[in-house]
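Chemist: Chains as they are written, first to last, in the numbering used here: chain V, 1 to 165; chain D, 1 to 288.
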Amino acid sequence: MKKLLIASALLASATTALAESTPIVGNVQTRCLITTDTNGVFGNPLPSKLSTASGDGGVVPVVRYDVTLADAYLAKVTTPTAFSLSPSLSDSVTWTGSTQVSKTSDAAMSGYEAAKITYGSTTQFDLTKAGSTWFSSTATAVYGVSKSFPGGSYTAIVLAECIAK
Amino acid sequence: MRLFVVALAASLMASQAHSEYLYSISGNMAATGHTWGMNIGPSGSQSLKINGVFYQYTPVKNLEDDMLVHVRNKKVGGGYIFSITDDWSGLPGGIPITKGFVIDNLPIELWGDGSIDVEGSGSVVDANVVYSYKYNNDCLTPMSDPSCSGYTDAVLAMMGNTKIEAYDPLSDENIADLIDEKAELDEEVQQEDEEKVKAKDKLQRMLSGVNDSILYANVTSQNLLMFAMSRSNNLNPYYDKRLAGGEYKETVALNDGKLPDNKKGARVGLAQQLLHTEMVNAQYNQED
């Protein structure tokens, strides 16, 4: 009985000595790629207004979503609600903006626009098809009540996100 | 001689020619209508190959309408070399669609007219169709490459001779005479070769007969030699035999000292004599 206990102890210690942790590694390749297609530019049709609309002398920013897996992602595009860079402003700025589908690579994507959901300054699109979709955002900033923007450089950010369902 | 100089100059220029492809894109082929010809690339360019097609248009339609839009190019010889169909049935219009395709460098010679065709209810506006292509401009000047059309004319014009003469070596009498002489020489050589082959065969046959004779003679001489050797061995034992020596004494004794006539033998001898005589006589007494 004593020998048996010793043998068991040896086996147990041997088992403990052979234990090893094996890592499991893996890479997940993104199947949703966001690219800036066109950089936006603010036009200044009025002293108190900055706008990306082409009629206001601006350039509408365009982002492109390239999706290789259908019905797996949501596109969320948020128009700016503040300047990321601007001269010191002493009054409030009123922001308006919207995002729409500007171009698709598949006829079936033409339904994205009708199916979009808008809340606040964010517009959400359900990317049900694989391919490329271009979204354009317009943004307008009005300073105070017909108050002139101070001179300087103004920068605002359109946030584009691709969220897995 | 002048032709030779021209040919030499042409070959030198050809060795210096090289082809490098240039890449470019066409303008909007659908700018003036929904059908277009494939007149793209610089004039005179060679080996123009289409390597990409990009199109964009905006469909105009009601949501409930069925509508197919075909963007395609006819293929020279029949069929289509490029054909893409967008199905807008039950889908809203108004949003531009854009697509791009990589083409496997298909020669421009295969590309027929292009078109955007609408099937069903609706229309297409703001169409934009662009082809990307590659080409080499080696033939923008005909003397750039011997394969360019007008190469010979250009070279001769440069040499101050506008008369174009195609040189046919088979029509040259000197060359024709040389060809005939060579043919005759070849025929003679062939006959000599055949005679040599025949003589060689004959010599081989003769040598084969000689070889057989030599072989037979060798076998015969060997047989004789073996016979002589064996004969010596067979006869020698007889030379070695010895008779037992001594005296051999008479053992037969005549008791009464007389030796009587053999009457029985005399009778037999007489009978034989008589028979012999009769046989001899019978030869003469034979009646014809």
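Glycine residues also receive a C-beta, built at the ideal position from the N, C-alpha and C atoms. Keep in mind that this is a model prediction, so the values were computed, not measured.
Of all the options D:V125, D:K198, D:M38, which has the alpha carbon lying nearest to the alpha carbon of D:G93?
Modeler: D:V125
Chemist: Give the residues from the segment 74 to 95 of chain D that approach chain V closer than 8 Å (Cβ to any Cβ), ordered along the chain.
Modeler: D86, D87, W88, L91, P92, G93, G94, I95
Chemist: Give me the chain D residues within the contact set of V:A108, using Cβ-Cβ distance strictly less than 7 Å, ordered along the chain.
Modeler: L91
Chemist: Mark D:N73 as exposed unless 16 or more other C-beta atoms lie within 10 angstroms of its C-beta, in which case mark it buried.
Modeler: buried
Chemist: In this structure, does DSSP put D:Y290 in helix, strand or coil?
Modeler: With chain D represented from 1 up to 288, any question about residue 290 of chain D goes unanswered, as that position is not in the structure.
Chemist: Quick one: what does DSSP say D:L106 is sitting in, helix, strand or coil?
Modeler: strand
Chemist: So what does DSSP say about D:Q191, is it helix, strand or coil?
Modeler: helix
Chemist: Should the segment 22 to 40 of chain V be called in touch with the segment 56 to 68 of chain V, which here means at least 3 C-beta pairs below 8 Å?
Modeler: yes
Chemist: Using DSSP's beta-bridge definition, name the partner residues of V:C162.
Modeler: V:A75
Chemist: Tell me which same chain residues have a C-beta within less than 6 Å of the C-beta of V:G152, skipping the five on either side of it?
Modeler: P87
Chemist: Based on the DSSP output, what are the partners of D:R72 in its beta bridges?
Modeler: DSSP lists D:S83, D:S115 as partners of D:R72.
Chemist: Could you tell me which residues DSSP pairs with V:T35 in its beta bridges?
Modeler: V:R64
Chemist: Answer with yes or no whether the minimum CB distance from V:E20 to chain D is below 9 Å.
Modeler: no
Chemist: Measure how close the beta-carbons of V:D138 and V:A53 come, nearest whole angstrom, since I'm counting them as under 8 Å.
Modeler: According to the sequence displayed, residue 138 of chain V carries Thr and not Asp. Contact holds; Cβ gap of about 6 Å.
Chemist: In or out: V:S90 buried (at least 16 other Cβ within 10 Å) or exposed?
Modeler: exposed
Chemist: Using a Cβ distance threshold of 8 Å, determine whether the segment 78 to 97 of chain D contacts the segment 43 to 61 of chain D, with at least three qualifying pairs required.
Modeler: yes
Chemist: Under 7 Å Cβ-Cβ, which residues of chain D neighbour V:A114?
Modeler: P92
Chemist: Below 9 Å on C-beta distance, what does D:I97 contact in chain V?
Modeler: K103, T104, S105, D106, A107, M109, S110
Chemist: Compute the Euclidean distance between the alpha carbons of D:S144 and V:L50, then round it to the nearest angstrom.
Modeler: 58 Å
Chemist: How would you write the range of the beta strand (DSSP E) that V:G141 sits in, first residue to last?
Modeler: Per the sequence shown, the amino acid found at residue 141 of chain V is Ala instead of Gly. It spans 131 to 143 - the beta strand (DSSP E) in which V:A141 sits, taken as one unbroken run.
Chemist: With distance defined between alpha-carbon atoms, name the residue in V:V93, V:W95, V:E113 nearest to V:S102.
Modeler: V:E113
Chemist: Could you check what DSSP says for D:S171 in three-state terms: helix, strand or coil?
Modeler: helix
Chemist: For chain D, check one thing: does any of its Cβ atoms lie closer than 9 Å to the Cβ of V:V145?
Modeler: Not closer than 9 Å to any Cβ of chain D, the Cβ of V:V145 fails to qualify, so no.
Chemist: Within 9 Å of any Cβ in chain D, is that where the Cβ of V:S88 sits?
Modeler: So no, V:S88 is outside the interface.
Chemist: DSSP state of D:V320, grouped into three classes?
Modeler: Outside the displayed range of chain D (1 to 288) lies residue 320 of chain D, so it cannot be described from this structure.
Chemist: Check D:E278 in the structure and name its three-state DSSP category.
Modeler: D:E278: helix per DSSP, three-state reduction.
Chemist: Whose C-alpha, out of V:A130, V:I24, V:S92, is nearest the C-alpha of V:A108?
Modeler: V:A130
Chemist: Within 10 Å of its beta-carbon, does V:S121 have 16 or more other beta-carbons around it, so buried, or fewer, so exposed?
Modeler: Its Cβ being crowded by 16 or more others within 10 Å, V:S121 is buried.
Chemist: Kindly indicate which three-state DSSP category D:Y131 falls into: helix, strand or coil?
Modeler: strand
Chemist: Shorter than 9 Å from the beta carbon of V:A98 to some beta carbon of chain D?
Modeler: Ala is not the amino acid found at residue 98 of chain V; the sequence shown has Ser there. Closer than 9 Å: no.
Chemist: Using only CA atoms, which one of D:Y21, D:V71, D:G33 lies nearest to D:V53?
Modeler: D:V71
Chemist: Against chain D, with Cβ distances strictly below 9 Å, would V:S132 count as a contact?
Modeler: yes
Chemist: Under 9 Å between the Cβ atoms of V:F135 and V:T123?
Modeler: In contact: V:F135 and V:T123 (Cβ atoms closer than 9 Å).
Chemist: Can a CB atom of chain V be found closer than 9 Å to the CB of D:V124?
Modeler: no
Chemist: Among the residues of its own chain, which have a CB less than 6 Å from the CB of D:Q56, if the five just before and after it don't count?
Modeler: P96, T98, N128
Chemist: Who pairs with V:D126 in a beta bridge, going by DSSP?
Modeler: V:L74
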